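Residues 3 to 242 in the numbering used here are what the sequence shown spells out, letter by letter. Glycine included, C-beta positions come from ideal geometry on N, C-alpha and C. Small disclaimer: the values here were computed from a predicted structure and weren't measured. A short write-up of the structure that comes next.
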Amino acid sequence: MTALLDVRDLSCSYGAGPVVTSVSLTVEPDQALAIVGPNGHGKTSLLRAISGLMPDRTGSVRFDGVDIGRMRPDAIARLGVVHVPQGDLVYKQMTILENLLLGAWANASRSVTADRLDDVFAIFPKLKERQSQFASSLSGGERRMLGIGRGLMMHGARLLMLDEPSLGLAPIVIDEIFRCIATLKTRGLSIVVVEENVTRAASVASQIHLMDRGQFVWSGDAADARSSRKLLETYLGVGE
Numbered sequence: 003m004t005a006l007l008d009v010r011d012l013s014c015s016y017g018a019g020p021v022v023t024s025v026s027l028t029v030e031p032d033q034a035l036a037i038v039g040p041n042g043h044g045k046t047s048l049l050r051a052i053s054g055l056m057p058d059r060t061g062s063v064r065f066d067g068v069d070i071g072r073m074r075p076d077a078i079a080r081l082g083v084v085h086v087p088q089g090d091l092v093y094k095q096m097t098i099l100e101n102l103l104l105g106a107w108a109n110a111s112r113s114v115t116a117d118r119l120d121d122v123f124a125i126f127p128k129l130k131e132r133q134s135q136f137a138s139s140l141s142g143g144e145r146r147m148l149g150i151g152r153g154l155m156m157h158g159a160r161l162l163m164l165d166e167p168s169l170g171l172a173p174i175v176i177d178e179i180f181r182c183i184a185t186l187k188t189r190g191l192s193i194v195v196v197e198e199n200v201t202r203a204a205s206v207a208s209q210i211h212l213m214d215r216g217q218f219v220w221s222g223d224a225a226d227a228r229s230s231r232k233l234l235e236t237y238l239g240v241g242e
């Protein structure tokens, strides 16, 4: 079976400073994978490189057998790669519905967009209830849901890459976010989630990569990550 995402020896840099060095990973259809590690060690840059947002990069990136290593970000997105950056990147002076419709920029018809909107509202019913309100009225957790929902508005989404979806949120809100991610796993999406909290990551991912100083220093099954406490405490600490 061809991997949905196949990354080989990927390196990228900001100017003269390398931020990702010789990273390789594969994501199979319907698989959820997590990348964990301290802040500032290359996790976000890795997602940006896969999405085509890091022009200074080397190595191979293939999506469903197609070489996307030199494609523009919009062309990569059209293939079904959805990248949801960290933070509350929503347009606060636009309504929730308007924010969501921005994610439908490449859809071929209104009927396709309507179908995607129904799916997003089924996953995030709070957004449906408040769709006519300005995004500025949302809590931090609700804005995070809106960002994910906007990404899912793209017709043909097949790979969802989430960068720190729990960052800065209260534990009860994080629970809700990860319940939504678990729901997305049942809808035929492959998922790559960048996350600091190993326990949270292991709750949705089957495989975990530990990243430190731009490299993967440990990789294994989620169950093994939970039991490798000494190794993970060296880099992260483990806890709720």
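Best match in the options for proximity to residue i [C-alpha to C-alpha]
i, options, result
"Asp66", "Ala5, Leu91, Lys94, Val92", "Ala5"
"Met96", "Arg132, His85, Gln88", "Arg132"
"Ala224", "Ile98, Thr23, Ala36", "Ala36"
"Met155", "Arg118, Ser53, Phe136, Gly17", "Arg118"
"Gln217", "Ser26, Gly17, Thr115", "Ser26"
"Arg10", "Arg189, Val38, Gly17, Ile70", "Ile70"
"Tyr16", "His211, Pro57, Glu30", "Pro57"
"Leu7", "Gly89, Leu191, Arg74", "Leu191"
"Ser249", "Lys128, Val219, Lys94, Val68", "Any question about residue 249 goes unanswered here, given that the chain covers just 3 to 242."
"Cys182", "Ala18, Asp76, Phe123", "Phe123"
Cutoff 7 Å; reference residue i; Cβ partners in own chain excluding five residues on either side
i, result
"Gly170", "Gly142"
"Ser13", "Pro20, Val22, Thr23, Ser24, Arg59, Thr60, Gly61"
"Lys232", "Interpretation of Lys232 is limited by its pLDDT of 49, a score under 50 that renders its predicted location unreliable; the figure taken from the coordinates is listed afterwards. Correct list: empty, nothing qualifies."
"Ala203", "Ala36, Val38, Val195, Glu197, Ile210"
"Met73", "Gly54"
"Leu114", "Residue identity differs from the one stated: residue 114 is Val in this sequence, not Leu. For Val114, where only same-chain residues beyond five positions count, the Cβ hits under 7 Å are His157."
"Ser168", "Ile176, Ile179, Glu197, Asn199, Arg202"
Assumed close pair residue i, residue j - CB separation to whole angstroms, cut-off 8 Å
i, j, result
"Gly82", "Ala184", "About 21 Å; that fails the 8 Å criterion."
"Lys187", "Val206", "7 Å"
"Ser221", "Ala34", "Actually they do not touch by this definition, with Cβ atoms about 15 Å apart."
"Ile210", "Val38", "6 Å"
C-beta atoms of residue i and residue j nearer than 8 Å
i, j, result
"His43", "Met213", "yes"
"Ala108", "Arg145", "no"
"Val86", "Asp32", "no"
"Val84", "Ala51", "no"
"Val151", "Phe126", "At residue 151 the sequence reads Gly, which differs from the Val that was named. Contact: yes."
"Leu91", "Gly149", "yes"
"Val200", "Ala172", "no"
"Gln135", "Ile98", "yes"
"Gly105", "Ile78", "no"
"Gln88", "Thr28", "no"
Own chain residues within Cβ distance below 8 Å of residue i, not counting five before or after
i, result
"Glu242", "Note that Glu242 scores 46 on pLDDT, short of 50, meaning its location in the model is unreliable and no value can be drawn from it."
"Ser111", "none"
"Glu30", "Met3, Ala5, Leu6, Ser192"
"Gly153", "Val84, His85, Val86, Gly105, Ala159, Leu162"
Same chain, Cβ closer than 6 Å to residue i, neighbours up to 5 away in sequence not counted
i, result
"Met163", "Leu49, His85, Val194"
"Asp177", "none"
What are the complete beta strand (DSSP E) segments, minimum 3 residues, inside the stretch 26-65? Counting only runs of 3 or more residues that sit fully inside the stretch 26-65, the beta strand (DSSP E) segments are 34-38, 59-65, in chain order.
Just list the beta strand (DSSP E) runs in the stretch 175-232, keeping only unbroken ones of 3 residues or longer that don't cross its boundaries, in chain order. Listed in chain order, the complete beta strand (DSSP E) runs (minimum 3 residues) inside the stretch 175-232 are 192-197, 209-214, 217-223.
At 3 residues or longer, and completely inside the stretch 63-105: list those beta strand (DSSP E) runs for me, N to C. Counting whole runs of 3 or more residues, the stretch 63-105 contains the beta strand (DSSP E) stretches 83-86.
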